[in-house]
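Structure first, commentary second.
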Amino acid sequence: MRTATFMIAALAAVAFALPQAAVGQANLEINTPAINALQRSMQQRHTQLAPLYSSGAVGFTRDGNIALRDARAVPLAQRQQVNALIAAENQDRAALYREIARANGHPEWEPDIRATFAQRWISRAQPGWYYQNASGAWVRK
Amino acid sequence: MTAETILNRAALLAAGLMLAGCVTINIYFPAAAAEKAADRIIDEVWQLKDGTAPQVKQPEAAPGEAK
Numbered sequence: 020m021r022t023a024t025f026m027i028a029a030l031a032a033v034a035f036a037l038p039q040a041a042v043g044q045a046n047l048e049i050n051t052p053a054i055n056a057l058q059r060s061m062q063q064r065h066t067q068l069a070p071l072y073s074s075g076a077v078g079f080t081r082d083g084n085i086a087l088r089d090a091r092a093v094p095l096a097q098r099q100q101v102n103a104l105i106a107a108e109n110q111d112r113a114a115l116y117r118e119i120a121r122a123n124g125h126p127e128w129e130p131d132i133r134a135t136f137a138q139r140w141i142s143r144a145q146p147g148w149y150y151q152n153a154s155g156a157w158v159r160k
Numbered sequence: 008m009t010a011e012t013i014l015n016r017a018a019l020l021a022a023g024l025m026l027a028g029c030v031t032i033n034i035y036f037p038a039a040a041a042e043k044a045a046d047r048i049i050d051e052v053w054q055l056k057d058g059t060a061p062q063v064k065q066p067e068a069a070p071g072e073a074k
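Going down the list, the protein sequences come from chains A and B. Count along the first sequence from 1, then add 19; that gives the number in the numbering used here. Count along the second sequence from 1, then add 7; that gives the number in the numbering used here.
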């Protein structure tokens with residue numbers, strides 16, 4: 020009988036702890052040194068990427084990255100530099116998704132965070148920029 | 008099986024279910040919060056909201072204004 024009483028007390032304690040766990044989900048933690056550094060790095064790179072988005076050379080993929088869409092929109096001499104820019108951006112993006120998941124104590128959320136970002140990058144892209152639709156085809160906004 | 012054993016087992020089962028419930032709640036992905044977080048980061052990266060950068064408006068507090 021004593022065990023049962025103890026169990027009921029334990030249940031009550033758990034029930035009290037629950038609402039606090041729910042409150043913790045109102046916002047995601049994005050204010051860590053790692054996330055801030057990635058944000059700054061991407062912000063600086065954006066000044067170089069923005070003209071490539073506008074010319075259609077680079078577009079947003081459905082998996083939360085960017086990719087070379089039209090190599091002809093880039094002069095031959097600059098193609099290597101643009102490819103390096105894309106690779107660096109995708110590296111930062113992967114790290115950003117991973118860090119957000121980790122900062123919130125759920126590394127397994129990384130694919131969900133990536134999917135959320137993929138959708139948000141595209142819906143906030145400027146008119147004229149290109150993105151990949153669900154079937155992988157390039158679409159101009 | 009005595010009544011006490013049955014009660015104990017029922018309490019154990021209830022505790023187990025409760026714990027499973029907690030785990031489920033914690034594993035659930037907060038989609039709305041993630042969207043908000045993504046938007047805040049996109050604002051920053053694309054500089055869409057100039058909340059901190061330009062401080063243009065300083066209309067009041069003109070120096071030497073007599074009342």
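Heads up, the beta-carbon is just placed ideally off N, CA and C, and yes, glycines get one too. Remember, it's a predicted structure, so these values are computed and weren't measured experimentally.
8 Å contact criterion, which residue i and residue j should meet: CB distance rounded
{"i": "Glu118 (chain A)", "j": "Ala53 (chain A)", "result": "5 Å"}
{"i": "Leu57 (chain A)", "j": "Ala103 (chain A)", "result": "Their Cβ separation, rounded to whole angstroms, is 18 Å, which puts Leu57 (chain A) and Ala103 (chain A) out of contact at 8 Å."}
{"i": "Asp46 (chain B)", "j": "Arg139 (chain A)", "result": "6 Å"}
{"i": "Ala40 (chain B)", "j": "Asp131 (chain A)", "result": "Their Cβ separation, rounded to whole angstroms, is 11 Å, which puts Ala40 (chain B) and Asp131 (chain A) out of contact at 8 Å."}
{"i": "Asn55 (chain A)", "j": "Lys43 (chain B)", "result": "That pair is no contact at about 17 Å."}
Spatial neighbours of residue i in its chain, beta-carbon cut-off 6 Å, leaving aside the 5 residues before and after
{"i": "Tyr149 (chain A)", "result": "Gly75, Gly78, Arg88, Trp157, Arg159"}
{"i": "Trp128 (chain A)", "result": "Ala120"}
{"i": "Thr80 (chain A)", "result": "Ala86, Gln151"}
{"i": "Ala92 (chain A)", "result": "Ser74, Gly75, Ala76"}
{"i": "Ala166 (chain A)", "result": "The first residue shown for chain A is 20 and the last is 160, placing residue 166 (chain A) beyond what the model contains."}
{"i": "Leu11 (chain A)", "result": "Any answer about residue 11 (chain A) is impossible in this case: the structure gives chain A only from 20 up to 160."}
{"i": "Asp116 (chain A)", "result": "For the record, residue 116 (chain A) in the displayed sequence is Tyr; it is not Asp. If we look at Tyr116 (chain A) and ignore the five residues flanking it on each side, its Cβ neighbours are Glu129, Ile132, Arg133."}
Cutoff 7 Å; reference residue i; Cβ partners in own chain excluding five residues on either side
{"i": "Arg98 (chain A)", "result": "Ala90"}
{"i": "Asn84 (chain A)", "result": "Asn109, Arg112"}
{"i": "Ile105 (chain A)", "result": "Val77, Ile85, Ala86, Leu87"}
{"i": "Gly147 (chain A)", "result": "Ser73, Arg159, Lys160"}
Own chain partners of residue i with C-beta closer than 8 Å, once the 5 adjacent residues on each side are dropped
{"i": "Gly23 (chain B)", "result": "none"}
{"i": "Pro126 (chain A)", "result": "Arg117, Ala120"}
Original post:
What are the complete alpha helix (DSSP H) segments, minimum 4 residues, inside the segment 87 to 148 of chain A?
Top reply: 98 to 122, 129 to 143
Subject >> Contact the segment 32 to 46 of chain B vs the segment 135 to 148 of chain A: 3+ CB pairs below 8 Å >> reply: yes
Original post:
Of all the residues that make up the segment 77 to 89 of chain A, which are near chain B by a beta-carbon distance shorter than 7 Å?
Top reply: none
Original post:
When you check each C-beta in the segment 43 to 56 of chain A against every C-beta of chain B, which residues fall closer than 7 Å?
Top reply: Gln44, Ala45, Asn46, Leu47, Ile49
Original post:
Is it a yes or a no for the segment 37 to 55 of chain B touching the segment 53 to 62 of chain A, going by three-plus beta-carbon pairs under 8 Å?
Top reply: yes
**OP:** Could you run through the segment 125 to 153 of chain A and flag, in chain order, every residue whose CB is less than 7 Å away from some CB of chain B?
**Re:** Trp128, Asp131, Ile132, Thr135, Phe136, Arg139, Trp140, Arg143
Original post:
Can you give, in chain order, each stretch of the beta strand (DSSP E) that sits fully within the segment 59 to 84 of chain A and has at least 3 residues?
Top reply: 77 to 79
Original post:
If you measure beta-carbon to beta-carbon, which residues of the segment 58 to 76 of chain A are closer than 7 Å to chain B?
Top reply: Gln58, Met61, Gln62, His65
Original post:
If you measure beta-carbon to beta-carbon, which residues of the segment 98 to 119 of chain A are closer than 8 Å to chain B?
Top reply: Leu115, Ile119
Original post:
Which residues, in chain order, does the segment 36 to 58 of chain B contribute to contact with chain A at a C-beta distance below 8 Å?
Top reply: Phe36, Pro37, Ala38, Ala40, Ala41, Glu42, Lys43, Ala44, Ala45, Asp46, Arg47, Ile48, Ile49, Glu51, Val52, Trp53, Gln54, Leu55
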